[in-house]
Amino acid sequence: MDYQGYPRNDVLCIDMRSFYASVECMKRGLDPKKALLAVVGDTARRGSIVLAASPTLKRKYGISNVSRYFELPDDPSLIIAPAHMGDYLEVSVEITKMIRNYVPQQAIHVYSVDELWVTINGLNKLYGSPYEIAHMLQFEIREQFGIESVIGIGDNKFLAKVVMDIHAKKAEDGIAECRYEDVEAKLWPCDIHDVWGIGSRMTKNLNRMGILTLGDLARHPLKYLKKNFGVMGEQLYWHAWGIDLSPVYGNFVKTEQKSYGHGITLLRDYEKEEIYACLLDLCEEACRRARTDDKEGRTVHLGIGYSSETGGGFSRSMSVQSPTNITGDMYQVCLKLFQRFYDGKSKIRRASVALTNLNDGCDVQLSLFNNEPKKKDLADVMDRIRDEYGSTAVLRASSYTSGGITIERSKKIGGHYA
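According to my numbering, the sequence shown is numbered sequentially starting from 3.
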């Protein structure tokens, strides 16, 4: 592969190791590298997932992010920490602010609460080589926040991310570098399941084609990958050669909203009668966000997942004549879909709603047979009260029933307690 025409940048991918656990250790004055600590999503549920484990807990007992609360060892020195997502977000923001002392905001692309890309083009005259800059940032994160980090260095985001995942986490100093010329030696021997962007389903599909490593993927004819997987197949091929043309500098905040939706995995199985209150609360959240952005949608989506006892479920949509962002209108469409496609007997464990096919909410179609302006005025007043006094300041009576979810969700960030 001739890489002469492809862009070369200095991109770092920084991952905070055992981030949630490290924050909880620092709050307690403990050394994250020595303490036995597990962060649990909901300590009231024995089946709750372990969100993070300290390095010592991982090494000593094999606890990982897929472990469950009941699988934690009976060790008197083990600390069980309930998740506090608000604290983790606050530390994450502060780390980003610290990095902004070295690069502009446009050079930082936050990928998740504990991972980000930083483009450091042109900093060599001030701070040295990309490796020296990575070491400097690693030191600053450790000194200011007590958190260990690993860093990948590459010509683009893909190379920085993959070399971080595969090599930096195993390196003694937690730093690894991969340039275009290093792809064949450093990345091609890797199992494709270990490569960022290739999930378990895609892995199975590729394995059936005899593709086991990234090198196999790079050597596979592009035309067959495009035939089998379309645009995704083409992207996989170029990634296998280390080529990624996604921007490394700019505004990485998503601005174009294509839908407004909310979904939930319920803490228990819901009966048919209970799901109505849940759906109304979900519609309220989706429509409130749409109203905030002055958007209306013509298509309503409803997804229902049955309990593990029966399995299955359905996902259906329906379009309406006039676009809307009124909770009651969206809810009525969801009821129609539910009554039409629900099997009538299964218990429900998952529910989601979405408003799509969006328009600007500037025009109101007047009619002699509805009170659309009054509905919008009422919704606007409720939104303003919630903006001023909190999301639970004004609630529908159904939110207080056994099927309501708004009160409990208001205590959480990202599905976990704040």
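Don't be surprised by glycine CBs; every beta carbon is placed ideally from N, CA and C.
Take L80, set aside five residues on each side of it, and the residues of its chain with a beta-carbon closer than 8 Å to its own are L38, L39, A40, L59 and L74, in chain order. The Cβ-Cβ distance between Y278 and L357 does not fall below 7 Å. Following the DSSP letters along the chain, one finds C336 inside the alpha helix (DSSP H) bounded by residues T329 to F343. G64 places its beta carbon 7 Å or farther from that of L53.
Your pair V152 and D17 checks out as a contact, with CB atoms roughly 5 Å apart and the cut at 8 Å. In this chain, the alpha helix (DSSP H) harbouring E275 covers K274 to T294. Between the alpha carbons of S348 and R221 lies a distance of about 48 Å.
According to the DSSP secondary-structure assignment, W119 is paired through a beta bridge with C15 and H111. In the three-state scheme derived from DSSP, where H, G and I count as helix and E and B as strand, H264 is classed as strand. Only buried fits E286, as 16 or more other CB atoms lie within 10 angstroms of its CB. Residue state for M87 is assigned as helix, using DSSP reduced to three classes. When beta bridges are read from the DSSP output, R318 appears opposite L304. A Cβ-Cβ separation of about 6 Å places R351 in contact with G307 under the 8 Å criterion. If you look at E179, you'll find it in the beta strand (DSSP E) that goes I177 to C180.
Non-local C-beta neighbours of S94 in its own chain, meaning closer than 7 Å and more than five positions away in sequence, comprise V115 and D116, ordered along the chain. Annotation: the continuous alpha helix (DSSP H) that includes L59 extends over P57 to Y63.
Non-local C-beta neighbours of T329 in its own chain, meaning closer than 6 Å and more than five positions away in sequence, comprise C285, E286 and C289, ordered along the chain.
Taking the C-beta atoms as reference points, N327 is found nearer than 7 Å to R293.
A distance below 7 Å separates the beta carbons of S24 and P34.
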